[in-house]
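Colleague:
So, in structure tokens, the structure goes:
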């Protein structure tokens, strides 16, 4: 008998998946203990579905059927079930068959597969998810094809197979449709899988952000505490759905003006979202009540989980398991909450102080509640609104990956801002970010270099610089601080993306213009000489100059520098209007403003700002109408006098001085009441208190634009006709036969050379030289000139220690070098000397590939020696690399000019170098057993290259990888 506690039970097949409608289900192997669940499940299936499954009326399962469907060897016979609340909602099984369709064992590589989905759950994508998982299981067990018999009338099941993207054959035999699916993943099947993943995960977030009804569980009768604050914010935000308060000790019908109930079950109406604000030890009861009531998602504000130590971490794992068992999704625990400003929703299920943020085009995700408050305040202070906000706390379930899936096709979001403390799965994150960045900017600030408590995710061993580079390759705008996150986000939300790096600088301060010019050069931009309009320049002078700069074919962006007038403060409002008019006349190029503030001006700005949402949010500034003195920083909002490290200023928003009700600033509307969405570059111009900050924002926008243009030409993963993929697979299978499951083995030189040669990578031969006579014999075999080198681990690749002698042309030179080497460094048995033929002179490089537990396979390139080891001048790309990746990889290191004829030297054979990189990428991508390769050094000459040494490490591959079936992170 096999149960979940038996050693033979394949627990790595267990997985939580998001279904088409955004709900979740758990997929797991069926065991002998599932007989009762199977019978109960079958009783709830309609007669029609039973007929489609068995091709005949089959009202009930016999004892023999139950035994057969619950007893599996998990090799030739496998059954999986999709469960919600511990009960079956669907099953799938395969039986290995031979060429005649009879039951078989290995090495037969075909199996018959069959599904049964409960009628109430049909149309949710359950069968498609089960097909992905049973297909992965089958491949793991050596099965390469599925055969299925389907009645012609069972169109839903036929569609499950035909839409999967696998190569397939279809025929009509004996009244049924016979389908054969090749289980080898294809580009089409992977695209189908990822499209389904995106739709499902986006839908799951949409259900959290657009509920029709919300219940807050844990609202105190005194209306104090977290639950009461969340309820108050939901009520005051103008939420359009039904709102309920839950408190087990409630004695009246209303709490804070909201219908109140002692239990969730007493509500008597559907609840889509529950906000839980009870002590951690009472959360399980609240979750169970939500699950029984059919709640779709939870926001758990309660603390006391992973952030509080080992006991809290165990509590957090159990929370995730419980939530998912009911098919729900979870934001939190220890969350700050969610906000959706869509006019049909207006949801503020967060602890953000009222009022809720203004409606805008920026999406914001944070893992930290404190940083979330700071970002909300900073954005609002500059007049920028939000489309949605998620502060996920410990992000035990819903993470930044899910939010990216939602933002990808969210028409209300134009710019995605993310503050992340960990990336979780960098490989998936970069994949999702690359797709999202292709249609809208993604700006990311990292808040930590190590995994903080509460974030149970696979750690990455890659250096932070490597992760940042991989993010940039995916189109992510990577910034270092929260201030930069807001600076860049504001520019991208209000201005068009620059077409190039040419920047016009103009203003009424020559010194400020020079500072801006220097900042542009530092950021790699191409600034034009600053145009000094002098301190006497009028707003009309500014407008004329900006119009001319924007109209010039020699500029891609304009930075305006401004200092306040000594006496004509009233002109500042006119200046703001003049700049907006110029930008509106030429909307295709971005404009940013740098302003320098004097003490008097800063005080005037602080004391005379309108009661925008930001001032109410921060409860800091008096609610008075703006005066003309505010206008210099008035290009994007209020409160500009805050210094170089403060949030930049924004356009002043005139609002009622003392609103009687909770205030929500709205975008301007036309006469018909339609919300006016300003065209980029016309309604709001971002303003910055320091030249470096403005230029940094412009530079990031320029680099993003370059990336967007670059992806228009898609790279290709080349096919090499001389690759022996099957031979390499067989060799790796033999080499790993004696290696333990958790062990990593370093191949002997002959094995490494053989494996690499199967992919067209030739490693130069070496012959051992344990004695001077052996060295001479080796040189005679190889032919002079030769090199003598040590291979001891502590001396390998350390030419600086004298362990290498080159260009030895005679026996005498070889013997003398051998004696010098052993005299200086040690005995031959310690040095392990070898003799190798000399190769043409060139540039020494290093090529490596490693498998990171979170990021996957990474290809690295640099020059050998000090450049890469001391200065860290190494570039990286994710595997599989395309021809474009290989070309950019060798050109992205700082020392790349040495490859292209620096100071009159001969350029090296970069096409040969690119081909080597692509061949290594193919090897690692085709065979996940290869967990590490180091080619060092690779001498690249004017014609051709030589790989002088290679190290290959292998291990048993993980059961599932990025190409495996859809699954949520496990805890």
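Residue numbers (this note's numbering): 397 to 1367. In this text, a Cβ means the ideal position worked out from N, Cα and C, and glycines have one as well.
Going straight from the alpha carbon of residue 833 to that of residue 798, what length do you get?
Modeller: 15 Å
Colleague: Determine the extent of the beta strand (DSSP E) in which residue 841 is found, giving its start and end residues.
Modeller: 838-842
Colleague: Which term fits residue 1070, buried or exposed, when burial requires 16 or more other beta carbons within 10 angstroms of its beta carbon?
Modeller: Because the pLDDT at residue 1070 is just 36, under 50, the model does not fix this residue reliably, and the value given afterwards should be weighed accordingly. With a threshold of 16 other beta carbon atoms within 10 Å, residue 1070 falls short and is exposed.
Colleague: Measure from the C-beta of residue 756 to each C-beta in chain C and report whether the shortest distance is under 8 Å.
Modeller: Structure shown: chain C not included; a single protein chain is present.
Colleague: Can you have a look at residue 453 and say buried or exposed, based on whether 16 or more other CB atoms are within 10 angstroms of its CB?
Modeller: Label assigned to residue 453: exposed.
Colleague: Using only CA atoms, which one of 924, 919, 909 lies nearest to residue 931?
Modeller: 909
Colleague: If you measure between the beta carbons of residue 1239 and residue 1175, is that distance less than 8 Å?
Modeller: Their beta carbons are not under 8 Å apart, which means residue 1239 does not touch residue 1175 by this criterion.
Colleague: Nearest CA to the CA of residue 686: which residue from 660, 698, 1319?
Modeller: Out of 660, 698, 1319, 660 has the C-alpha closest to the C-alpha of residue 686.
Colleague: Which class does residue 1353 belong to by DSSP, given the choice of helix, strand or coil?
Modeller: DSSP places residue 1353 in coil when its eight states are reduced to three.
Colleague: Check for me: the beta strand (DSSP E) holding residue 1164 runs from which residue to which?
Modeller: 1162-1164
Colleague: Should residue 956 and residue 985 be called a contact, given that it needs their Cβ atoms to be closer than 8 Å?
Modeller: Not in contact: residue 956 and residue 985 (Cβ atoms no closer than 8 Å).
Colleague: Nearest-angstrom Cα distance between residue 415 and residue 631?
Modeller: 31 Å
Colleague: If you draw a straight line from the alpha carbon of residue 1251 to that of residue 1112, how long is it in whole angstroms?
Modeller: The alpha-carbon separation between residue 1251 and residue 1112 amounts to approximately 21 Å.
Colleague: Can you have a look at residue 1323 and say buried or exposed, based on whether 16 or more other CB atoms are within 10 angstroms of its CB?
Modeller: buried
Colleague: Looking at C-beta atoms only, is the number of pairs between the stretch 609-625 and the stretch 572-586 that lie closer than 8 Å three or more?
Modeller: no
Colleague: Could you tell me which residues DSSP pairs with residue 834 in its beta bridges?
Modeller: Answer by DSSP bridge pairing: none, since residue 834 is not bridged.
Colleague: What first and last residue would you give for the beta strand (DSSP E) that runs through residue 724?
Modeller: Careful: residue 724 lies outside any beta strand (DSSP E) and carries neither H nor E.
Colleague: Output needed for residue 593: all residues of its chain with C-beta closer than 7 Å, excluding positions within five of it in sequence on either side, in chain order.
Modeller: 1362
Colleague: Closest by CA to residue 1336, which one among 655, 783, 1311?
Modeller: 1311
Colleague: Per DSSP, which one or two residues make a beta bridge with residue 1186?
Modeller: 1229.
Colleague: Which residue comes first and which comes last in the alpha helix (DSSP H) that contains residue 1146?
Modeller: Note, residue 1146: alpha helix (DSSP H), 1145-1153.
Colleague: Based on DSSP bridge pairs, tell me the residues matched to residue 485.
Modeller: BP columns for residue 485 are empty, so no partner.
Colleague: Determine the closest residue to residue 1236 out of 1102, 1183, 1364, 510, with distance taken between C-alpha atoms.
Modeller: 1183
Colleague: Using CA coordinates, which residue listed in 1317, 1262, 1216, 764 is at the minimum distance from residue 1290?
Modeller: 1262
Colleague: May I ask you to list the residues that DSSP assigns as paired with residue 1336?
Modeller: 1239, 1341
Colleague: Is the Cβ-Cβ distance between residue 1334 and residue 1326 less than 8 Å?
Modeller: Taking 8 Å as the cut-off, the Cβ atoms of residue 1334 and residue 1326 do not count as close.
Colleague: Return the chain-ordered ranges of every alpha helix (DSSP H) run that is complete within the stretch 751-828 and spans a minimum of 4 residues.
Modeller: Counting whole runs of 4 or more residues, the stretch 751-828 contains the alpha helix (DSSP H) stretches 765-777, 796-804.
Colleague: Could you check what DSSP says for residue 635 in three-state terms: helix, strand or coil?
Modeller: In this structure, residue 635 counts as coil in the three-state DSSP scheme.
Colleague: Return the chain-ordered list of same chain residues with a C-beta closer than 8 Å to the C-beta of residue 1340, the five sequence neighbours on each side being excluded.
Modeller: 1236, 1305, 1308
Colleague: Which whole runs of the alpha helix (DSSP H) in the stretch 886-970 are 4 residues long or more, in chain order?
Modeller: Counting whole runs of 4 or more residues, the stretch 886-970 contains the alpha helix (DSSP H) stretches 906-918, 935-947.
Colleague: Taking Cβ positions, are residue 810 and residue 725 nearer each other than 8 Å?
Modeller: no
Colleague: With DSSP collapsed to three states, give me the class of residue 1013.
Modeller: The pLDDT assigned to residue 1013 is 43, lower than 50, so where the model puts this residue is not dependable, and the model offers no usable value.
Colleague: For residue 638 versus residue 742, is the C-beta spacing smaller than 8 Å?
Modeller: Taking 8 Å as the Cβ cut-off, residue 638 and residue 742 do not qualify as a contacting pair.
Colleague: Quick one: using the 10 Å Cβ neighbour count with 16 as the cut-off for buried, is residue 1043 buried or exposed?
Modeller: Residue placement at residue 1043 cannot be trusted, given a pLDDT of 37 that sits under 50; what the coordinates show is reported in the next sentence. With 16 or more Cβ atoms within 10 Å of its Cβ, residue 1043 is classed as buried.
Colleague: Residue 887 and residue 808: beta carbons closer than 8 Å?
Modeller: Not in contact: residue 887 and residue 808 (Cβ atoms no closer than 8 Å).
Colleague: Measuring straight from C-alpha to C-alpha, what distance separates residue 1259 and residue 1088?
Modeller: Whole-angstrom Cα-Cα distance: 32 Å.
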